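*Asks:*
There are 2 protein chains.
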Amino acid sequence: MKIKPDDFRITPGSKVNLAKLPTAAEQNISKQDGHEALRPMIKRLRELQEVLYAQGKHKVLVVFQAMDAGGKDSTIRNVIGPLNPQGVRVTSFKAPTPEELSRDYLWRIHRETPGKGMMRVFNRSHYEDVLIVRVKELVPRKVWSKRYEQINQFERLLYDEGTTIVKFFLHISKDYQKQRLQRRLDRPDKHWKFNPDDLAERARWNDYQVAFEDAISQCSPRHAPWYVVPAEHRPFRNLLVAQTLIDTLESLDMKYPEPTFDPAKITID
Amino acid sequence: MKIKPDDFRITPGSKVNLAKLPTAAEQNISKQDGHEALRPMIKRLRELQEVLYAQGKHKVLVVFQAMDAGGKDSTIRNVIGPLNPQGVRVTSFKAPTPEELSRDYLWRIHRETPGKGMMRVFNRSHYEDVLIVRVKELVPRKVWSKRYEQINQFERLLYDEGTTIVKFFLHISKDYQKQRLQRRLDRPDKHWKFNPDDLAERARWNDYQVAFEDAISQCSPRHAPWYVVPAEHRPFRNLLVAQTLIDTLESLDMKYPEPTFDPAKITID
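Chains as they are written, first to last, in my numbering: chain A, 1 to 269; chain B, 270 to 538.
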């Protein structure tokens, strides 16, 4: 199966209608086949990440957003997990602390952005500040409505200063979410993942879809694209995310750094 | 092969003589066999780490120290790498920044200690402040000589407040280091790992061994033990580190948290 990330990238300036975008891959793929297909991609990703780290030039920021039970944790475990943890760090943004709330909403985000040679992965992100914050009216419209442009400016700063940004929205249907939440109730070892408050969020499904549509539509410049990933077939989802990261890293044309010494002239006593 | 971490744990109060401790496992094991043996251990470690994260009660700190080319990076990649990056974070301590140097040496360490449910892995650590700092006389003896007790007090604080601490010294011989450094010179894709300054450190091999002996001898309380790992046979090294982590995590007697709701009474609309 040839996977084309470009097909899932939101074109700058387009108005996204999530109901028209697939939540499941057209062609299903078995767990076993998906596993087989993923292996060489992970190998390639590892190579690329090692050069990223060795060269110490580029910075890579990967954002994951989804509705609850959309598969952020699972995608990160499967695709990001196999990379070298020394060069890759995952930050899960939870409800902000009082210290964080006392600053602007981008303060805690900025602190976690990647340094040279690093890949930083955000499980949730500053986009929550135009998603849950908007849907639950945690700040008034006149505050959140400015944030799309603020986020664009912020991501532009990161880009101008050498950060490559990729954003994934793991797209699922409301029915699929029901299945996944039910699974958390049915399996004792998944109870810890269930939060009764999630049902209140689920009740606002449509509001969230609109908020996601606005965020994705308004914050998809060429240098910080959103990919809307059909996330219900998990093998396909992993392959698409992995291929997108490969394509993104390959486009950086990275190289191992030139040694500052002549290896042939060094003798180890 | 039955691996017994206890055989490699330093007894509190003992005087360590590194020359008498093995740098290679008695029984070699092939790369293939090591890989096969490691797989179920990684699976077990993943299960344990998920419960650690889910329960959100314990905090785990894992320290790796070694001479240059001792295999810290490789061990972390092989044993820590497969764990879920959301619950595990690696910090590589480099030469301190001006901001870090303007505080005491434990300031930057304390900031990186694990929170509840987390495993934090240190590639180098506060022990550098009684290793390179001592060997290169970056501070006078009257300063570094107090640090063993300070480190013990610091680790005791972490322990008293709920942190489980495990420390690994990856033990290699001077000859083996030579082989590994030479490999970095011979392979263009490893040049970036070679630093000509490492040769100056290598010239002080004996001073470092003495500094390691003092650090390990003086800072091995029961609640924060050092394991001196024979690190030249890498498959064995990985298995020993993995088994030690498994034993340590199993000793915590962790459980998934009890749900605060009755799963049977919840209906998802």
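Positions of the beta carbon are idealized from the N, C-alpha and C atoms, including for glycine. These numbers come from a predicted model, not from an experiment.
1) Let me know the beta strand (DSSP E) ranges lying completely inside the stretch 154–241 of chain A, each 3 residues or longer, listed in chain order.
2) Hey, out of Leu252/A, Ile42/A, Glu128/A and Lys15/A, whose CA is closest to Gly117/A's CA?
3) Considering just the uninterrupted stretch of the alpha helix (DSSP H) at Ala306/B, what are its terminal residues?
4) Short of 7 Å in beta carbon distance, which residues of its chain neighbour Lys341/B, apart from the five on each side in sequence? Order them along the chain.
5) Please classify Thr91/A: does DSSP put it in a helix, a strand, or coil?
6) Apply the 10 Å Cβ neighbour rule to Lys328/B and answer buried if 16 or more other Cβ atoms are within range, or exposed otherwise.
7) By the DSSP assignment, the beta strand (DSSP E) with Val60/A in it spans what residues?
8) Return the bridge partner residues of Met388/B from the DSSP annotation.
9) Return yes when the Cβ of Pro274/B is within less than 8 Å of the Cβ of Pro490/B, no when it is not.
10) Have a look at the DSSP bridge pairing and note the partners of Arg278/B.
11) Which bits of chain B does Tyr227/A rub up against, with CB to CB less than 7 Å?
12) Measure how close the beta-carbons of Ser217/A and Val16/A come, nearest whole angstrom, since I'm counting them as under 8 Å.
13) Using 10 angstroms around the beta-carbon of Phe463/B, count the other beta-carbons present and answer buried if the total reaches 16, otherwise exposed.
14) Do you know offhand how far Tyr322/B's Cα is from Tyr53/A's?
15) Just confirm the distance between the C-beta atoms of Pro494/B and Arg358/B, as a whole number of angstroms; I'd bet it's less than 8 Å.
16) Helix, strand or coil, according to DSSP, for Pro259/A in the structure here?
17) Do three or more CB pairs link the stretch 368–387 of chain B to the stretch 415–429 of chain B at distances below 8 Å?
18) Of all the CB atoms in chain A, is at least one closer than 8 Å to the CB of Gln301/B?
19) For the stretch 388–411 of chain B, which residues have a beta carbon sitting closer than 8 Å to at least one beta carbon of chain A?
20) In chain B, which residues lie less than 9 Å from Asn84/A when you measure between Cβ atoms?
21) Can you check which of these residues, Asp483/B, Ile378/B and Ile345/B, is closest to Arg403/B by C-alpha distance?
22) Round the Cβ separation of Ile441/B and Thr344/B to the nearest angstrom and send it over; I've been treating them as touching at under 8 Å.
23) According to DSSP, is Glu99/A part of a helix, a strand, or is it coil?
24) From Gly87/A, Arg183/A, Glu201/A and Asn78/A, pick the residue whose C-alpha is nearest to that of Leu131/A; which is it?
25) Determine, using beta carbons only, whether Pro532/B and Leu185/A come nearer to each other than 8 Å.
26) So is Pro40/A in contact with chain B if we call contact Cβ pairs under 8 Å?
27) Using alpha carbons as the reference points, say which of Pro499/B, Tyr525/B and Glu519/B lies closest to Ile298/B.
28) Taking the CB atoms as reference points, tell me whether Tyr256/A and Thr244/A lie closer together than 8 Å.
29) Below 8 Å on the Cβ atoms is my contact criterion, and I expect Val435/B with Val348/B to pass it. Report the Cβ-Cβ distance as a whole number of Å.
30) Pull up the distance between the alpha-carbon of Gln296/B and that of Phe437/B, whole angstroms please.
*Replies:* According to the data block:
1) 163–171 and 226–230
2) Stepping through the first sequence from its first residue, residue 117/A is reached at position 117. It is Leu252/A.
3) By 1-based counting over the second sequence, the position of residue 306/B is 37. From DSSP, the alpha helix (DSSP H) with Ala306/B extends over Lys300 to Gln324.
4) For this step, residue 341/B is matched to residue 72 along the second sequence. Closer than 7 Å at Cβ, skipping near neighbours: Phe333, Ala335, Asn392 and Leu439.
5) One-based indexing of the first sequence puts residue 91/A at position 91. Three-state result, Thr91/A: strand.
6) Working through the second sequence from its first residue, we reach residue 328/B at position 59. By the neighbour-count rule (16 or more Cβ atoms within 10 Å), Lys328/B is buried.
7) Position 60 of the first sequence holds residue 60/A. Segment Lys59 to Ala66, the beta strand (DSSP E) holding Val60/A.
8) Within the second sequence, residue 388/B is the residue found at index 119, counting from 1. The partner list for Met388/B (beta bridge, DSSP) reads Val329/B and Val357/B.
9) Looking up residue 490/B in the second sequence gives position 221. Looking up residue 274/B in the second sequence gives position 5. In this structure, Pro274/B does not lie closer than 8 Å to Pro490/B by Cβ.
10) Locating residue 278/B in the second sequence gives position 9, where the first residue counts as 1. Arg278/B is bridged to Tyr496/B.
11) Your numbering for residue 227/A matches position 227 in the first sequence. Here the premise fails: no neighbours, minimum Cβ distance about 20 Å.
12) Here residue 217/A refers to the residue found at position 217 when the first sequence is read from its first residue. Here residue 16/A refers to the residue found at position 16 when the first sequence is read from its first residue. Right, the Cβ-Cβ distance comes to about 5 Å (below 8 Å), so this counts as a contact.
13) Indexing the second sequence from 1 puts residue 463/B at position 194. Phe463/B is buried by the Cβ-count criterion.
14) Residue 322/B sits at position 53 when you count from the first residue of the second sequence. Residue 53/A sits at position 53 when you count from the first residue of the first sequence. Tyr322/B and Tyr53/A: Cα-Cα distance of roughly 28 Å.
15) Residue mapping note: residue 494/B aligns to position 225 of the second sequence, counting from 1. Residue mapping note: residue 358/B aligns to position 89 of the second sequence, counting from 1. Actually they do not touch by this definition, with Cβ atoms about 22 Å apart.
16) Numbered from its first residue, the first sequence carries residue 259/A at position 259. Note: Pro259/A maps to coil in three-state DSSP.
17) yes
18) The count along the second sequence starts at 1 and reaches residue 301/B at position 32. Gln301/B does not count as touching chain A.
19) Val390 and Asn392
20) Within the first sequence, residue 84/A is the residue found at index 84, counting from 1. Ordered by position in chain B, the residues that pass the 9 Å Cβ test against Asn84/A are Asp342, Ile345, Arg346, Gly350 and Val359.
21) Start at 1 with the first residue of the second sequence, and residue 403/B comes out as number 134. For the residues Asp483/B, Ile378/B and Ile345/B, the minimum Cα distance to Arg403/B belongs to Asp483/B.
22) As a working note, residue 441/B is residue 172 in the second sequence. As a working note, residue 344/B is residue 75 in the second sequence. Actually they do not touch by this definition, with Cβ atoms about 12 Å apart.
23) Here the question's residue 99/A lines up with position 99 in the first sequence. It is helical.
24) As a position in the first sequence, residue 131/A is number 131, starting the count at 1. Among Gly87/A, Arg183/A, Glu201/A and Asn78/A, the Cα nearest to that of Leu131/A is on Glu201/A.
25) To locate residue 532/B, count along the second sequence from 1; it is residue 263. To locate residue 185/A, count along the first sequence from 1; it is residue 185. Yes.
26) Numbered from its first residue, the first sequence carries residue 40/A at position 40. Output row for Pro40/A: interface = no.
27) Translated into the one-based positions of the second sequence, residue 298/B becomes position 29. Taking only the C-alpha atoms, the option nearest Ile298/B is Pro499/B.
28) Along the first sequence, read from residue 1 onward, the residue named residue 256/A stands at position 256. Along the first sequence, read from residue 1 onward, the residue named residue 244/A stands at position 244. Not a contact, by the Cβ cut-off of 8 Å.
29) Taking the second sequence and counting its residues from 1, one reaches residue 435/B at position 166. Taking the second sequence and counting its residues from 1, one reaches residue 348/B at position 79. That pair is no contact at about 12 Å.
30) Here residue 296/B corresponds to residue number 27 of the second sequence, with the count starting at 1. Here residue 437/B corresponds to residue number 168 of the second sequence, with the count starting at 1. The alpha-carbon atoms of Gln296/B and Phe437/B are separated by roughly 20 Å.
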